[in-house]
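K.L.:
Numbering (my numbering), first residue to last: 4 to 251.
We put the beta carbon where it would ideally sit given N, CA and C, even for glycine.
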């Protein structure tokens, strides 16, 4: 096991750059932190390139001999991690996710808050959805805050990143999917017409909602009832309510 003690070590510098999208794209890699995330990464379909251990930290699970493991002095490990109090273990993974597939899909149309994106992914996993499509305007799936918010669900779902979300939804509609647009001026969600067994639920931008191009593709335009004084719901809350009802 190689021990690293310098902040100027080329490996350390490359891992530090994974905090930013530019660095992730240049290296085709991303970094996850913490015991839960690393354990799940090791058992997922993602390729783990390296495991990083803080000096003195001993994991309670086995790291395969085939994976390069590095021991970092505390100040070096701290510099690589995004959290203020990292748990002592991190991993560098190949920037590749399995494609979104299955009959119960979610699409994010410009959802930009990392916390919302991560929470929606976690809820989609819990509700039994199969995959998530991202429009180009969404928060980066592999950013540290999104990854933390998923609580490991990133390793259990498929993800697709079409250049044009409306085009991708159009193809799904041709393939027999119902396209459900969540919008304030939609029809009552709980009175919806039959959507069939294959569907994709679209959640829109926090401020602007669903884009007109996506609305034009939708087979169903739906709205949750607002029975009190609130005019709308947080995107992650609305997504959670709808996903659980759709998978009952």
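#1: Counting C-beta neighbours from all protein chains within 10 Å, is the total for residue 24 16 or more, i.e. buried, or is it exposed?
#2: Can you list, in chain order, the residues of its chain with a C-beta nearer than 6 Å to that of residue 138? Leave out the 5 residues immediately preceding and following it.
#3: So, does the region 70 to 82 touch the region 121 to 134, judging by three or more C-beta pairs under 8 Å?
#4: Quick one: using the 10 Å Cβ neighbour count with 16 as the cut-off for buried, is residue 128 buried or exposed?
#5: Residue 194: buried (16+ other C-beta within 10 angstroms of its C-beta) or exposed?
#6: For residue 182, I'd like the list of residues in its chain whose CB is within less than 6 Å of its CB, leaving aside the five on either flank, ordered along the chain.
#7: Tell me the residue span of the alpha helix (DSSP H) that contains residue 174.
#8: Within the same chain, show all residues whose beta-carbon is closer than 8 Å to that of residue 60, passing over the 5 residues directly before and after it, in chain order.
#9: Out of curiosity, what's the CA-to-CA distance linking residue 165 and residue 80?
#10: Identify every run of the alpha helix (DSSP H) within the region 185 to 228, keeping only runs that are complete inside it and at least 4 residues long; order them along the chain.
#11: Kindly give me the distance between the Cβ atoms of residue 135 and residue 96, rounded to whole angstroms, as I take these residues to be in contact under 8 Å.
#12: What does a CB cutoff of less than 6 Å around residue 85 pick up in its chain, not counting 5 residues either side in sequence?
#13: Quick one: residues in its chain with C-beta nearer than 7 Å to the C-beta of residue 35, no 5 flanking neighbours on either side, listed in chain order?
#14: Within the continuous alpha helix (DSSP H) that includes residue 71, where are the two ends?
#15: Specify the secondary structure class of residue 102 as computed by DSSP and reduced to three states.
#16: If you reduce the DSSP assignment to three classes, tell me which class residue 65 lands in.
#17: Are the Cβ atoms of residue 225 and residue 192 separated by less than 8 Å?
#18: What does the alpha-carbon distance come out to for the pair residue 88 and residue 142?
#19: Name, in chain order, the residues that DSSP records as bridge partners for residue 54.
P.N.:
Here's the rundown:
#1: Exposed: under 16 other Cβ atoms inside 10 Å.
#2: Excluding residues within five positions, the ones whose Cβ falls inside 6 Å are 112, 113, 168.
#3: Flag = no, the region 70 to 82 and the region 121 to 134 do not touch.
#4: Counting the other CB atoms within 10 Å of its CB gives residue 128 a total of 16 or more, which places it among the buried residues.
#5: Result: exposed.
#6: The answer, listed in chain order, is 172, 176, 203, 220, 221, 222.
#7: 168 to 177 is the extent of the alpha helix (DSSP H) around residue 174.
#8: So the qualifying residues of the chain are 90, 91, 92.
#9: Here the C-alpha atom of residue 165 lies approximately 35 Å from the C-alpha atom of residue 80.
#10: Counting whole runs of 4 or more residues, the region 185 to 228 contains the alpha helix (DSSP H) stretches 215 to 218.
#11: The beta-carbon separation of residue 135 and residue 96, rounded to 18 Å, does not stay under the 8 Å limit for a contact.
#12: Residues 22, 147 of the same chain have their beta carbon placed closer than 6 Å to that of residue 85, with the five preceding and five following residues left out of the count.
#13: Closer than 7 Å at Cβ, skipping near neighbours: 41, 44, 93, 94, 96, 150.
#14: That residue, residue 71, is in no alpha helix (DSSP H); its beta strand (DSSP E) goes 71 to 75.
#15: Residue 102 falls in the coil class under three-state DSSP.
#16: In the structure shown, residue 65 sits in coil (DSSP, three-state: anything other than H, G, I, E or B).
#17: The Cβ atoms of residue 225 and residue 192 lie closer than 8 Å to each other.
#18: So the two alpha carbons sit approximately 24 Å from each other.
#19: Per DSSP, 72, 94.
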